[in-house]
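Since the structure comes first, as structure tokens, the remarks are kept for the end.
Protein chains: 2
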Amino acid sequence: MNDPISDILQSKGLRATPVRLKVLEQFQGSDNAVSPKEIELRFDQIDRITLYRTLKSFEEKGIVHKIDDGTGTPKYAMCIDKCDEGHHHDDHVHFHCNDCGNTFCVEDVEVPYIKTPPKLKVAKTSIVMNGTCEKCQ
Amino acid sequence: MNDPISDILQSKGLRATPVRLKVLEQFQGSDNAVSPKEIELRFDQIDRITLYRTLKSFEEKGIVHKIDDGTGTPKYAMCIDKCDEGHHHDDHVHFHCNDCGNTFCVEDVEVPYIKTPPKLKVAKTSIVMNGTCEKCQ
DNA sequence: ATGATAATTGCAACAGCGTTGCAAAGGATG
DNA sequence: CATCCTTTGCAACGCTGTTGCAATTATCAT
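Below, the structure is given as structure tokens:
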């Protein structure tokens, strides 16, 4: 009944506090995955610890998902559709541009079925591509 | 002309020092990818900094490659065949077992061609699978 | 509204990983 | 043997992420 962003939080059982609203808002405003550090710098009066906790609870509640793009710096992006508490549907491909350093989800690429040795029980497959993004060509 | 392990080092232009021999030896002895921490604990009298530098130079010379298995802890494994200075052929699939925590290379799985939006120039594709390994079933 | 309850925040302090500078030790080479 | 360059080990630092704790704030029932 308030704004849509508050509603997202409340529907996940999280209180709509200023920090959370701000962080969530900037997730919606960007289509890149962002690192905790980037968020911290974007608002320069946010508490580092609170931010980490915010991201953690967002992840647990299925609001954002964590992306490991191979740079060593974890990034977060909003979950698109059916992410749920404790269950992420982030089986899409992630792309990391070596030029601009941005990382984003490639929605329109289908994750292929990969035939694996029958001895391995595969629960999840993560695919990260590196290269040059559209803007940097 | 000495032992094969020394030869590997010398052929890459690295001196065969005790630390390097020990580290390289244990890479050959295991088919798992190992973290710096694990190596450090395995020999309990190795200097942390020296180990990091050793791994770095091994990686630069194409002796080992770094694996990011999504756990946040980097791991290293020996390069199999055609790795070269500054050029890693590590386009195989990596598997991380959620039970035993081991990570290893799945040699016999072919990395599929994945059709991507033409706007993206893909240079490298990393695939990490999670699940249960043979031993842990 | 008001007060009780529980969640959230912010600070201090800490732990772990990885890096750099620098001096000492060790091999290679002439 | 003397020199030079590589490698090592120590000290110190920076960054990321965590925990404990007290203060604050939102929620909910009354």
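Chains B and P are the protein sequences, given in the same order.
By the count of this note's numbering, the first sequence reaches residue 137 at its end, each step adding exactly one.
By the count of this note's numbering, the second sequence reaches residue 274 at its end, each step adding exactly one.
Using N, Cα and C, we set each Cβ at its ideal position, and we do this for glycine too.
From a predicted model like this one, the values you see are computed outputs, not experimental measurements.
Can you name, in chain order, every residue of its own chain whose Cβ lies under 7 Å from the Cβ of residue i, other than the five neighbours on each side?
i      : result
B/T50  : V19
P/V265 : D206, G207, H231 and H233
B/G29  : none
P/M138 : Legend: pLDDT at P/M138 = 48, less than 50; position of this residue unreliable, value from coordinates given subsequently. Closer than 7 Å at Cβ, skipping near neighbours: no residue.
B/N32  : N102, T103 and F104
B/I114 : T125
B/K66  : E59, P74 and Y76
B/R48  : E40
B/F43  : K22
B/C136 : C97, D99 and C100
In chain order, what residues of the same chain lie with their CB nearer than 8 Å to the CB of residue i, ignoring the 5 residues before and after it?
i      : result
B/T54  : V19, R20 and V23
P/T269 : C234, N235 and D236
P/C149 : One detail in the question is off: residue 149 of chain P reads as Lys in this sequence, not Cys. Taken in chain order, the residues that qualify are K198, G199, I200 and E222.
B/I8   : L24 and I63
P/V243 : H229, V230, H231, F232 and M266
P/Y189 : P173
P/Q147 : A153
Our contact map puts residue i next to residue j with C-beta atoms below 8 Å; I'd like the distance itself, whole angstroms only.
i      : j      : result
B/V64  : B/F27  : 6 Å
P/P211 : P/S172 : 7 Å
B/D117 : P/D228 : Looking at the sequence provided, one finds Pro at residue 117 of chain B rather than Asp. That belief does not hold up - the Cβ atoms of B/P117 and P/D228 are roughly 17 Å apart, past 8 Å.
P/E175 : P/I183 : At roughly 11 Å, the Cβ-Cβ gap does not stay under 8 Å, so P/E175 and P/I183 are not in contact.
P/E271 : B/L120 : 7 Å
Just the chain B side, please: which residues come within less than 7 Å of residue i by C-beta, in chain order?
i      : result
P/Q165 : Neighbours of P/Q165 on chain B: none; closest Cβ ~23 Å, over 7 Å.
P/G207 : D68 and S126
P/Q274 : K121
P/P155 : None at all; the shortest Cβ gap to chain B is about 29 Å.
Give the DSSP-derived three-state secondary structure of residue i in the structure shown.
i      : result
B/Y52  : helix
B/S57  : helix
B/F27  : helix
P/K174 : helix
B/V19  : helix
B/I63  : coil
P/I145 : helix
P/D140 : coil
Report the neighbours of residue i on chain P: residues whose CB is nearer than 8 Å to its CB, in chain order.
i      : result
B/L120 : F232, V243, M266, G268, T269, C270 and E271
Determine the chain B residues that contact residue i at a beta-carbon separation under 9 Å, and present them in chain order.
i      : result
P/I251 : V93, V109, E110, V111, P112, I127 and M129
P/P275 : Residue 275 of chain P lies beyond the stretch modelled for chain P, which goes from 138 to 274, so this question has no answer here.
Just to make sure I have the definition right: I need the residues of chain P whose C-beta is within less than 9 Å of the C-beta of residue i. Which are they?
i     : result
B/P36 : Under the 9 Å cutoff, chain P gives no residues; its nearest Cβ is about 13 Å from B/P36.
Excluding the 5 residues preceding and the 5 following residue i in the sequence, name in chain order all residues of the same chain whose CB lies nearer than 6 Å to its CB.
i      : result
B/F58  : V64
P/M215 : F164 and V201
B/S6   : A16
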